[in-house]
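Sequential numbering from 16 applies to the sequence shown in our numbering.
Following: one structure in structure tokens, then a few remarks.
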Amino acid sequence: MSDANLTVAVRKESGKKVAKGLRKAGEIPAVYYSQGKENIPVSVDKKNFFVAYKSDSQLIYLIIKKGKKLPTIIREVQWDPVTEEPLHIDFMGVRMDEKVSSTVPIQLIGEAVGVKDQGGILQFALRHVDVECLPMDIPDSIEVDVSNLNLHDSLHVSDIAFDKGEIVSDPQSVIASVAAPTVSVEAEDEAESEAVTDEPETDDDEGSESED
Numbered sequence: 016m017s018d019a020n021l022t023v024a025v026r027k028e029s030g031k032k033v034a035k036g037l038r039k040a041g042e043i044p045a046v047y048y049s050q051g052k053e054n055i056p057v058s059v060d061k062k063n064f065f066v067a068y069k070s071d072s073q074l075i076y077l078i079i080k081k082g083k084k085l086p087t088i089i090r091e092v093q094w095d096p097v098t099e100e101p102l103h104i105d106f107m108g109v110r111m112d113e114k115v116s117s118t119v120p121i122q123l124i125g126e127a128v129g130v131k132d133q134g135g136i137l138q139f140a141l142r143h144v145d146v147e148c149l150p151m152d153i154p155d156s157i158e159v160d161v162s163n164l165n166l167h168d169s170l171h172v173s174d175i176a177f178d179k180g181e182i183v184s185d186p187q188s189v190i191a192s193v194a195a196p197t198v199s200v201e202a203e204d205e206a207e208s209e210a211v212t213d214e215p216e217t218d219d220d221e222g223s224e225s226e227d
């Protein structure tokens, strides 16, 4: 996992009007906080933020003063529900020798035998898990192999191997499963209709003539 660096500027003013002006100028208001230290209001260039946010590292080094890097993880991003633009970011300072909690995405790999050979449908139920580990060991994602899943099989959190820390999500939570394809009511009605149509017809007139 490579490190991500992000230069930020210290904000001397705060408030809705200041935040609105920053966003208009292509900056995102943010805050850096760490246990036992005073919060530092900062702002970050939106383009640079997205580069770090989409990188393969959950550990981000904030550069506040020239030459000084602060190890952080993104604790929260507030998004505009309409424009889906970032409104505010919380950067949490971490110590490299202390474990932290982080949410990590799950990446499914392989093709389930229940889908490939048995006509099932793969259902991806849980897309993130919570882990506890050292900041340097936070993975970009956790790969889960679904190749051996047969029809009606499920994979649970307890099936995940993570040797650099601990997965703290509910071990019984289902990550992925292979379900049988569902048949719609309309399809069933059509099948029944076709079955009725295919039944052999009886000629009542012929039967009557034979009795005469």
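No residue lacks a Cβ here, since even glycine has one placed at the ideal position from N, Cα and C.
Check whether residue i and residue j have beta carbons under 8 Å apart
i: Y47; j: G108; result: yes
i: V189; j: V130; result: no
i: M151; j: L74; result: yes
i: S144; j: I88; result: Residue 144 is actually Val in this sequence, not Ser. No.
Residue i versus residue j: straight-line alpha-carbon distance, rounded
i: A24; j: R142; result: 34 Å
i: I121; j: S29; result: 37 Å
i: Q138; j: H167; result: 11 Å
i: K62; j: E99; result: 14 Å
i: K27; j: V119; result: 34 Å
i: R110; j: Q187; result: 31 Å
i: N20; j: I78; result: 7 Å
i: S223; j: P196; result: Legend: pLDDT at S223 = 48, less than 50; position of this residue unreliable, value from coordinates given subsequently. Going by the C-alpha atoms only, they are around 48 Å apart.
i: S58; j: D155; result: 25 Å
Residue(s) in a DSSP beta bridge with residue i
i: L141; result: Beta-bridge pairing links L141 to no other residue.
i: I182; result: V146
i: A45; result: V57 and I104
Where residue i sits in the DSSP three-state scheme
i: N20; result: strand
i: V57; result: strand
i: V30; result: It should be noted that the sequence gives Gly, not Val, for residue 30. In this structure, G30 counts as coil in the three-state DSSP scheme.
i: A195; result: coil
i: G36; result: helix
i: E221; result: Note that E221 scores a pLDDT of 49, beneath 50, so its modelled location is shaky and nothing firm can be said.
is_contact[residue i, chain C] using C-beta, thresh 8 Å
i: E158; result: Chain labels in this structure do not include chain C; a single protein chain is all it has.
Quiz prompt | Whole beta strand (DSSP E) elements within the segment 112-174, 3-residue minimum | solution = 115-124, 136-139, 143-148, 157-160 and 169-171
Quiz prompt | Ranges of the beta strand (DSSP E) found wholly within the segment 67-117, counting only runs of at least 3 | solution = 74-80, 83-94 and 101-108
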